[in-house]
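This report concerns only the one structure given below.
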DNA sequence: CTAAAGCCTCACGCCGACGTGAGAGTCAAG
DNA sequence: CTTGACTCTCACGTCGGCGTGAGGCTTTAG
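Protein chains in written order, with the working numbering: chain E, 115 to 231; chain D, 115 to 231.
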């Protein structure tokens, strides 16, 4: 499929797709005239990228996870990477959960303090 | 206390403290010569800021939460803000947890695929 | 008293994930 | 065969949270 359709179906901008390619995350075929042609599975892959970006992973990190995403395979150091990133993400989730608790404390404090200030 | 001490005790840079002030997060007293003087409680406040920043909140958002942080009080719209931000954060935590699960899937897939590729 | 350390205010630099034209080629429909 | 919708490649702009000097006062230790 062409870049416009992929963009729409994956919920990102055309610019973003070109950027992902620049970062080594996508390598679409090209027509003789130079236009990009993507396969169906790319839709899901791009959505996964979005999820990773949203989780705070960088292009570099995502690029490093690519062998797993594409093949389901990975060398030993790649698997170490995977676990490292997993742990990093888990730590961030814990931090944010703690922050959530703090916010809740602030809310209950504010609520109990003055009801209709 | 002076800015350098606060920076060290709160674990941020002097530049960061000046930046927080620029964003309306801090309003320290000034000596006649213009130097900033902070109170003890500011140490904890700054740490809270760091926690909020780490959770992805912006300066604007943190500024909006200030009345609660400082007074434990808030007007009705401020409390709405608080809840909105809480919900936003909660949503992000859920997203990231989902991403964590995805990563775990990738890991187990990679592990079960080829043991010592 | 003097030197070093710390503080002050500009104000430009950086990085990452794109946005946003500019200018030009390409492709399907009428 | 033209028109309008897409696509291409530069390449600069943006935003947020600071880093990093520059140039100049102030405070503190010896």
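Heads up, the beta-carbon is just placed ideally off N, CA and C, and yes, glycines get one too.
Query: Do residue 135 of chain D and residue 142 of chain D have their beta-carbon atoms positioned less than 8 angstroms apart in this structure?; Result: yes
Query: Around the C-beta of residue 213 of chain D, are 16 or more other C-beta atoms found within 10 angstroms, so that it is buried, or is it exposed?; Result: buried
Query: Taking 8 angstroms as the CB-CB cut-off, is residue 200 of chain E touching chain D?; Result: yes
Query: With DSSP as the reference, please indicate the residues paired to residue 151 of chain D in a beta bridge.; Result: D:143
Query: With residue 179 of chain D and residue 199 of chain D assumed to form a contact (beta carbons below 8 angstroms), what rounded beta-carbon distance in angstroms separates them?; Result: 7 angstroms
Query: So the candidates are E:202, E:185, E:224, E:206; which of them puts its Cα closest to the Cα of residue 195 of chain D?; Result: E:224
Query: For residue 131 of chain D versus residue 203 of chain E, is the C-beta distance shorter than 8 angstroms?; Result: no
Query: Put residue 219 of chain E into one of helix, strand or coil per three-state DSSP.; Result: helix
Query: Kindly say whether residue 196 of chain D, judged by its beta-carbon, lies nearer than 8 angstroms to any beta-carbon of chain E.; Result: yes
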